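Undergrad: Sending over a structure as structure tokens; questions will come in a sec.
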Amino acid sequence: MILCSMKNVSKSFGGHLLFTNLDLEVQEHAKIGLVGRNGTGKTTIFKLLKGMEQADSGTVSIKKQTKIAYLEQIPQARPDETGEDVLRRAFAELTAIREKLTLLETEMADMESAKLEKVLVQYGSLQEQFERLGGYESEAKLTKVAEGLKLAELLGKEFRSLSGGEKTKLGLGMVLLEEPDLLLLDEPTNHLDVGAVEWLEQFIKEYRGTVLLISHDRYFLDETVNRIMELEDGEITVYHANYSRYTEEKQKQLLLEFQAYQEQQKKIKKMREAIKRLREWANRANPPSEGLHKRARNMERALERMEKLKKPVVDQKKMDLHFEGTKRSGKRAAVIESASKSFGDRELFSGVNLEVHYRERLALVGENGSGKSTLLRMILGDEEADTGRAVIGSSVRLGYLSQQVIPDCAGSMTLIEFFREGLPITEAEARHILAKFLFYGPAVFKKMSGASGGEKMRLQLARLMQLDLNFLILDEPTNHLDIDSREVLEDAIEHFEGTVLAVSHDRYFLEKLFPKTAWLAGGNLHLFEGSYKYAKEKMNEKRPTERTALKTAAELENELLQLEMKIERILRASPLSEEIPRLERQRGELYAELESIL
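Take the sequence shown: its letter number 128 is residue 249 in this note's numbering, and every next letter is one higher.
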């Protein structure tokens, strides 16, 4: 059954046409990835479905009583709200019912028996509604999402004091807890570490509703969706496949379309030549042949009526990126010896040792906050170790790419001014180079403060390409890049002759380029001669029993909490209920199971 659809929808922004006569259908229970280059209108489609934007023309249809939740990048909040308050917005209806139940319980305590029976009926109806909406499981669900997305440290903090990334993570948790019929997720993996991304994958796989998501994380798309909607040139093309199969099918389809286009062009050329010959023969005849002229006109009309195939775009415009490393470094590009680092009372890591060798491809992974970026800053000389040291090898020429590398003071500069800063190049040369990174015409004069994350990342890559480097240090380099740009970056790194050390949560990127992995966990660095997937398997082997037991204990404690609340409410409403002995037996079994673990 169709959950929502768009028919002949057109939408423009500031004179720029995003799409016209767009058609789209979303079936119930589908898991769909909406893909396309940045700026094609993917987020606009989400806002049209949610009702946050209106179509210029056409129809957006939503099935009646469909509940839709949309992940905005940063949710709005009152000044006094905490992270937990934001999550609990998902239970607004349950909270209202709970308050009514509490009020009725207070009233029933002093109520005359004549009125009590009527109020008990009302109370029972509300209690049934509360249970049907999952009220007794709400706390367990909140705990599950908070643990999965690693939000525990944010729950007690004022929402306004959190970073943009932390606010976005809480927004994601809130929409997941809402359990809507249609879940719209726009770049949900941003700001999540790999563990949280993998938890989210499992959540989406098990989700009973419909999911429509925008993501540039190819591994995530492969794991979560069974259908791809590609938005290109203002049109939607549907592929019944995950991302990897979609790319294969698209290449085959492009080849077939190009062959059909070439065949039609040959036919058109022959028809035009035939028309020309017929007219020449007709004019040579004495007198001119009306019959030949008629045949030429008929053929011309047939040519006009022919439905012309559009020439398929085999290669879209992409960044022209390559890193030059003309001089090699010493054998050891970087060394960390017995390094320890703490911030206040919190120790990040202790006794860390690491050697990065020339031309090595090393991935540094770990949970958010484990100290990965701190290790990178030590190598760069921007952070001092409390004990131990980090040194750069001989003849090393470093290039660093990071989300935080652009200072706030650069906001008033234009893109071209920032690009030329410290580089001996003219404006004309700079514009030529920036065009290779998809900055055309007046776009180079946009202020840095108004640039998107993707534009800032492309600008940093353009600057890096002008430097003579033999060691690249990359901190989340694929963030904000669309899939085409990620593939260009991967190709450039693959052909780079120097050393690469990268922090990333993009598993596709890690698997493709990095045959060696350093995993930072629990203050220790574990080194593996293998890709991310291999390293993950080895890390899981280290403490499987402890990890499973801890998870099971947390789940049992949540079950017990919900059961105690249920028993308490039934006792208040009906102390002699036949359900109480069964629930008490269940409680005893859960306590016994919990004690066996602890």
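All residues carry an ideal CB built from backbone N, CA and C; glycine is no exception. Being a predicted model, the structure only gives us computed values, none of them experimental.
1. I believe Leu469 touches Leu485 by the beta-carbon criterion, under 8 Å. Please report the beta-carbon distance rounded to the nearest angstrom.
2. Between the region 442 to 462 and the region 417 to 432, do at least 3 Cβ pairs fall closer than 8 Å?
3. Should Glu425 go down as buried or exposed, given a rule of 16 or more other Cβ atoms within 10 Å for buried?
4. Assuming Gly204 is part of the alpha helix (DSSP H), what are its boundary residues?
5. Distance check for Glu597 and Ser336, CA to CA, integer angstroms please.
6. Measure from the alpha carbon of Met122 to the alpha carbon of each residue in His150, Glu252 and Lys448, then state which is nearest.
7. Taking the beta carbon of Gln248 as the centre, do at least 16 other beta carbons fall within 10 Å, making it buried, or is it exposed?
8. Quick check: what's the CA-CA separation for Arg400 versus Ile389?
9. For Asn591, which three-state DSSP category applies?
10. State the start and end residues of the unbroken beta strand (DSSP E) segment that holds Arg467.
11. If you draw a straight line from the C-alpha of Leu588 to the C-alpha of Gly255, how long is it?
12. Residues in its own chain within less than 7 Å of Thr666 by CB, not counting five upstream and five downstream?
13. Would you tell me roughly how many angstroms separate the C-alpha atoms of Asp206 and Glu445, rounded to the nearest one?
14. Which residues bound the alpha helix (DSSP H) around Ser365?
15. If you follow the alpha helix (DSSP H) that Asp627 is part of, which residue opens it and which one closes it?
16. Could you give the distance in angstroms between the alpha-carbon of Asp627 and the alpha-carbon of Glu705?
17. If I measure Cβ to Cβ from Asp177 and keep anything under 7 Å in the same chain, skipping five residues before and after, which residues do I get?
18. CA-CA distance, Asn474 and His616?
19. Taking only the alpha-carbon atoms, compute the straight-line gap between Asp302 and Lys152 and give it to the nearest angstrom.
20. How would you label Ser282, buried or exposed, when you count the other beta carbons within 10 angstroms and need 16 or more for buried?
21. Closest by CA to Gly286, which one among Met350, Tyr364, His312 and Glu576?
22. Mind the definition here: the region 503 to 516 touches the region 536 to 548 only if three or more C-beta pairs lie below 8 Å; say whether that holds.
23. Where does Gly179 fall in DSSP's three states?
24. From the DSSP output, in three-state form, read off Phe558 for me.
25. Label His601 either buried or exposed according to how many other C-beta atoms from any shown protein chain fall within 10 Å of its C-beta, with 16 as the threshold for buried.
26. Please state if the CB of Gly162 and the CB of Leu139 are separated by a distance shorter than 8 Å.
27. Restricting to Cα atoms, I'd like to know which of Phe324, Val296, Cys125 and Gly157 is closest to Lys185.
28. I'd like to confirm the pairing. Which residues does DSSP put opposite Asn347 in its beta bridges?
29. Once the 5 residues before and after Leu442 are set aside, which same chain residues still bring their CB inside 7 Å of it?
30. When DSSP labels each residue in this structure, what does Arg703 get in the three-state scheme?
31. Determine the extent of the beta strand (DSSP E) in which His647 is found, giving its start and end residues.
32. My assumption, with CB atoms under 8 Å, is that Ile594 sits in contact with Ile500. Please give the rounded CB distance.
33. Determine the direct distance from the alpha carbon of Leu291 to that of Glu279, and round the result to whole angstroms.
34. Spatial neighbours of Ser471 within its chain, please: C-beta separation below 7 Å, excluding the five flanking residues on both sides.
35. Taking its Cβ as the centre, do 16 or more other Cβ atoms sit within 10 Å of Arg237, making it buried, or is it exposed?
36. What is the rounded straight-line gap between the Cα of Leu321 and the Cα of Val456?
TA: So, from the data block:
1. About 13 Å; that fails the 8 Å criterion.
2. The region 442 to 462 vs the region 417 to 432: no contact.
3. Classification for Glu425: exposed.
4. Segment Gly204 to Arg209, the alpha helix (DSSP H) holding Gly204.
5. Put simply, the backbone Cα of Ser336 is about 15 Å away from that of Glu597.
6. When each option's Cα is compared against that of Met122, the closest is His150.
7. By the neighbour-count rule (16 or more Cβ atoms within 10 Å), Gln248 is buried.
8. Arg400 and Ile389: Cα-Cα distance of roughly 17 Å.
9. Here Asn591 sits in coil by DSSP.
10. It spans Arg467 to His478 - the beta strand (DSSP E) in which Arg467 sits, taken as one unbroken run.
11. Taking the straight line joining both Cα atoms gives about 58 Å.
12. Confidence in Thr666 is poor, its pLDDT being 49 and thus under 50, which makes the residue's placement unreliable; the coordinate value appears in the next sentence. Excluding residues within five positions, none has a Cβ falling inside 7 Å.
13. Rounded to whole angstroms, Asp206 to Glu445 spans 51 Å at the Cα level.
14. Secondary structure note for Ser365: its alpha helix (DSSP H) is the uninterrupted segment Tyr364 to Arg405.
15. Segment: none, Asp627 is in no alpha helix (DSSP H) and carries neither H nor E.
16. Spanning the two alpha carbons is a distance of roughly 47 Å.
17. The beta carbon of Asp177 lies closer than 7 Å to those of Ser131, Lys132 and Ser133 in the same chain, with the five residues before and after it left out.
18. Roughly 28 Å separates the two Cα atoms.
19. In a straight line, the C-alpha of Asp302 is about 12 Å away from that of Lys152.
20. Exposed, since its Cβ has fewer than 16 Cβ neighbours within 10 Å.
21. Proximity to Gly286 across Met350, Tyr364, His312 and Glu576 peaks at His312, based on C-alpha coordinates.
22. At 8 Å Cβ cutoff, the stretches do not touch.
23. Three-state result, Gly179: strand.
24. DSSP places Phe558 in coil when its eight states are reduced to three.
25. Label assigned to His601: buried.
26. With contacts defined as CB atoms closer than 8 Å, Leu139 and Gly162 qualify as a contacting pair.
27. Selection Phe324, Val296, Cys125 and Gly157 evaluated against Lys185 yields Cys125 as nearest (Cα-Cα).
28. Asn347 pairs with nothing; no bridge assigned.
29. Counting only Cβ-Cβ distances below 7 Å, and skipping sequence neighbours, we find Leu582, Met586, Val609, Leu610 and Ala613.
30. In the structure shown, Arg703 sits in a helix (DSSP, three-state: H, G or I).
31. Run containing His647: Asn645 to Phe649, per the beta strand (DSSP E) assignment.
32. The beta-carbon separation of Ile594 and Ile500, rounded to 7 Å, stays under the 8 Å limit for a contact.
33. So the alpha carbons of these two residues sit roughly 12 Å apart.
34. If we look at Ser471 and ignore the five residues flanking it on each side, its Cβ neighbours are Ser461 and Gly644.
35. Looking at the sequence shown, residue 237 is not Arg but Leu. It is exposed - the Cβ of Leu237 has fewer than 16 other Cβ atoms within 10 Å.
36. A straight line joining the alpha-carbon of Leu321 with that of Val456 spans about 36 Å.
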